[in-house]
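I have placed the structure first, in the form of structure tokens, so that the comments after it can refer back to it.
The following block contains the structure:
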């Protein structure tokens, strides 16, 4: 989806209770979707949701909007375009890719300036390729991340100091990232994978190196990664806050995970705690309204854009 954002409304004019699309004020090619809940934004936490290679940032933002409203969370869904961010899953550490990790920092800095939200570690979600980005970002910048949910990444960076990044955490000639295991192993993280996400589809990395290290499908790879992170944490006498959960009856489809696997509820529950009765009721009421707005905009092709 190509977008053009031609104006910069003042922060006070940013609408609440609906998904908008913004382009970064200093870099119009850098865009993101934003949802601002009602209430005092200066007390709001931030959730970053990262898309997979289908670049469905708008779908993630719309799907999480009602939960974000119920929890009073600012929702940010960066849109890493295919031309500039070819290697965003690995944070952009490839010869031809723009650095996605730095792009996210610029987006978050702008959101904090616009909203007055606290400069506190954000919560992070990513699905498929976005899950690859999310766990690598958390491992590289643990001081910036509070909690993480990964939706079926295709493959992982393991906490192995003998393997070069992105397979392990040893520095490589293309990456100057530094990793501190005692910090990234302390971030509570949940991996969610669909029950039927066991196919070696065309989007799965099927290299023999990854197969031998991590397994042959997303279920096996997710389970092995969680086991490796738990083992690494315990070896350092750290509490291991990692979990692996299978979503019954769904495959490698974000929309199916939302529709049939209650993905959005599981994500917010892990990141922000069990909802209160008022929060749950508000989310249910808002869900129908949000879905109706989504359907209307998808049908008409209308996306609200602010720059």
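Numbering (my numbering), first residue to last: 855 to 1161.
Built from N, CA and C at the ideal position, the CB exists for glycine as well.
As the structure is a prediction and not an experimental result, all values here were calculated from the model.
- Per DSSP, the beta-bridge partners of residue 877 are 885.
- Contact between residue 1125 and residue 1111 is absent: CB atoms are separated by about 16 angstroms, not below the 8 angstroms threshold.
- DSSP places residue 1001 in the strand class (E or B) of the three-state scheme.
- Contact check for residue 1041 and residue 992: beta-carbon distance about 5 angstroms, within the 8 angstroms limit, so the pair qualifies.
- Taken atom to atom, the span from the alpha-carbon of residue 1086 to that of residue 869 is near 45 angstroms.
- Contact between residue 939 and residue 951 holds: their C-beta atoms lie close to 6 angstroms from each other, under 8 angstroms.
- Per DSSP, the unbroken alpha helix (DSSP H) holding residue 969 starts and ends at 954 to 969.
- Looking from the CA of residue 1032, the closest CA among 1059, 1044, 1019, 1039 belongs to 1019.
- Judged by DSSP in its simplified three-state form, residue 1104 adopts coil rather than helix or strand.
- In the three-state reduction of the DSSP assignment, residue 1099 falls in the strand class.
- Comparing alpha carbon positions, the residue from 1076, 1116, 987 closest to residue 1051 is 1076.
- The beta carbon of residue 989 lies closer than 6 angstroms to those of 1004 in the same chain, with the five residues before and after it left out.
- For residue 1035, the uninterrupted alpha helix (DSSP H) segment begins and ends at 1035 to 1038.
- Of the residues 888, 960, 881, the one whose Cα lies closest to the Cα of residue 875 is 888.
- For residue 1072, the CB contacts under 6 angstroms within the same chain, skipping 5 residues up- and downstream, are 1006, 1047, 1051 in chain order.
- The residues 904, 905, 906, in chain order, have a CB closer than 7 angstroms to that of residue 984 in the same chain once the five nearest residues on each side in sequence are set aside.
- Counted as a single uninterrupted DSSP element, the alpha helix (DSSP H) harbouring residue 919 occupies residues 911 to 925.
- Within a 10 Å sphere around the beta-carbon of residue 1055 sit fewer than 16 other beta-carbons, which makes this residue exposed.
- Per DSSP, the continuous alpha helix (DSSP H) segment holding residue 1082 begins and ends at 1072 to 1089.
- With at least 16 other beta carbons inside 10 angstroms of its own, residue 944 counts as buried.
- The DSSP-derived three-state label of residue 903 is strand.
- Distance from the CA atom of residue 926 to the CA atom of residue 1084, rounded to whole angstroms, is 31 angstroms.
- Annotation for residue 1105: 1048, 1050, 1051 place their beta carbon closer than 7 angstroms to its own, counting only its chain and skipping 5 residues before and after.
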